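**Student:** Encoded as structure tokens, here's the structure I'll be asking about.
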């Protein structure tokens with residue numbers, strides 16, 4: 005694809021108060037990631053170059069409350085966000101999202117990026133089983149092992165990403181190329197050239213975003229005091245969010 009890139013962020017949740025106040029929604033969180041990732045492409049003198057402002061046209065779509073979707077002729081890609089909801093549930097808006105994802109996948113031009121819940125929605129749309137992980141939660145900054153294709157796409161031997169999930173894609177759909185795995189999640193990333201790229205981790209999450217989620221869920225007793233403190237001890241660790249964001253942009257620019 006050639007810029008400008010028209011990217012529709014499908015917002016599948018509402019951020020907690022501090023994150024919402026700063027970014028105005030998860031669309032704003034991803035907009036920050038993508039614009040900073042475009043700067044990284046320039047700083048690294050990569051052959052793929054994008055002007056962070058002129059070449060990224062980012063729209064936001066609240067698919068939970070508004071249940072409205074962009075027309076495929078008006079966009080180049082969708083980016084499906086994370087969510088507190090379960091990708092395997094059959095709420096009407098989730099079923100509609102799965103069906104829309106299938107439509108985009110069947111399209112001959114528009115591309116798909118999926119993150120966490122979005123990664124799982126893509127897996128479900130492609131017929132893979134999605135459900136709870138027997139290993140439990142994977143939270144805060146964690147290492148992810150890359151396949152050969154993952155190393156090629158991300159330019160590293162291993163990724164460190166913020167994580168916040170206990171649901172997983174349980175098997176790779178037959179048509180995708182595996183990208184990554186971790187001890188708690190064997191399906192950490194999926195790829196089909198010029199069609200889709202997904203990650204179970206959260207490249208868009210910052211220390212502040214994850215800390216707010218951890219402390220809030222600790223108060224709600226989703227995470228025990230011990231789990232929360234252990235995760236908070238890793239939340240400041242260096243992670244590869246911009247590396248992943250840059251890979252997303254290179255994927256969109258693939259000819």
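In my numbering, the protein residues as written are 5 to 259. Using N, Cα and C, we set each Cβ at its ideal position, and we do this for glycine too. The model shown is predicted, which means the values in this text are computed figures rather than measured ones.
#1: Could you tell me the boundaries of the alpha helix (DSSP H) in which residue 251 lies?
#2: For residue 224, count neighbouring Cβ atoms within 10 angstroms of its own Cβ and tell me buried if that reaches 16, exposed if not.
#3: Can you name the start and end residues of the beta strand (DSSP E) that residue 119 belongs to?
#4: Provide the residue span of the alpha helix (DSSP H) that contains residue 81, from first to last.
#5: Can you give the Cα-Cα distance for residue 172 and residue 205, rounded to whole angstroms?
#6: Go through its chain and collect everything with a Cβ distance to residue 227's Cβ below 8 Å, but skip five positions before and after it.
#7: To the nearest whole angstrom, what separates the beta carbons of residue 105 and residue 134, a pair I think is in contact under 8 Å?
#8: Count the other C-beta atoms from every protein chain shown that fall within 10 angstroms of the C-beta of residue 237, then say buried if there are 16 or more, exposed otherwise.
#9: Would you list the one or two residues that DSSP bridges to residue 94?
#10: Just how far apart, CA to CA, sit residue 163 and residue 210?
#11: When DSSP labels each residue in this structure, what does residue 139 get in the three-state scheme?
#12: What residue does the beta strand (DSSP E) around residue 214 start on, and which one ends it?
#13: Looking at the structure shown, is residue 184 part of a helix, part of a strand, or coil, going by DSSP?
**Tutor:** In brief:
#1: Here residue 251 refers to the residue found at position 247 when the chain shown is read from its first residue. Residue 251 -> alpha helix (DSSP H) spans 245 to 257.
#2: As a working note, residue 224 is residue 220 in the chain shown. By the 10 Å Cβ count, residue 224 comes out exposed.
#3: Taking the chain shown and counting its residues from 1, one reaches residue 119 at position 115. It spans 115 to 119 - the beta strand (DSSP E) in which residue 119 sits, taken as one unbroken run.
#4: Locating residue 81 in the chain shown gives position 77, counting from the first residue. Segment 81 to 84 is the beta strand (DSSP E) holding residue 81; no alpha helix (DSSP H) there.
#5: Stepping through the chain shown from its first residue, residue 172 is reached at position 168. Stepping through the chain shown from its first residue, residue 205 is reached at position 201. Residue 172 and residue 205: Cα-Cα distance of roughly 11 Å.
#6: Position 223 of the chain shown, counted from the start, is the residue given in the question as residue 227. So the qualifying residues of the chain are 141, 143, 218, 221 and 235.
#7: Along the chain shown, read from residue 1 onward, the residue named residue 105 stands at position 101. Along the chain shown, read from residue 1 onward, the residue named residue 134 stands at position 130. Not a contact, Cβ separation roughly 12 Å.
#8: For the purposes of this step, residue 237 is taken as residue 233 along the chain shown, with counting starting at 1. So residue 237 counts as exposed.
#9: Looking up residue 94 in the chain shown gives position 90. DSSP, once it has assigned bridges, lists no residue as partnering residue 94.
#10: Locating residue 163 in the chain shown gives position 159, where the first residue counts as 1. Locating residue 210 in the chain shown gives position 206, where the first residue counts as 1. Approximately 15 Å between the Cα atoms of the pair.
#11: For this step, residue 139 is matched to residue 135 along the chain shown. Here residue 139 sits in coil by DSSP.
#12: Against the chain shown, residue 214 aligns to sequence position 210. For residue 214, there is no enclosing beta strand (DSSP E); the residue is found in the alpha helix (DSSP H) stretching over 211 to 223.
#13: On the chain shown, residue 184 is found 180 positions in, with the first residue counted as 1. Residue 184 falls in the strand class under three-state DSSP.
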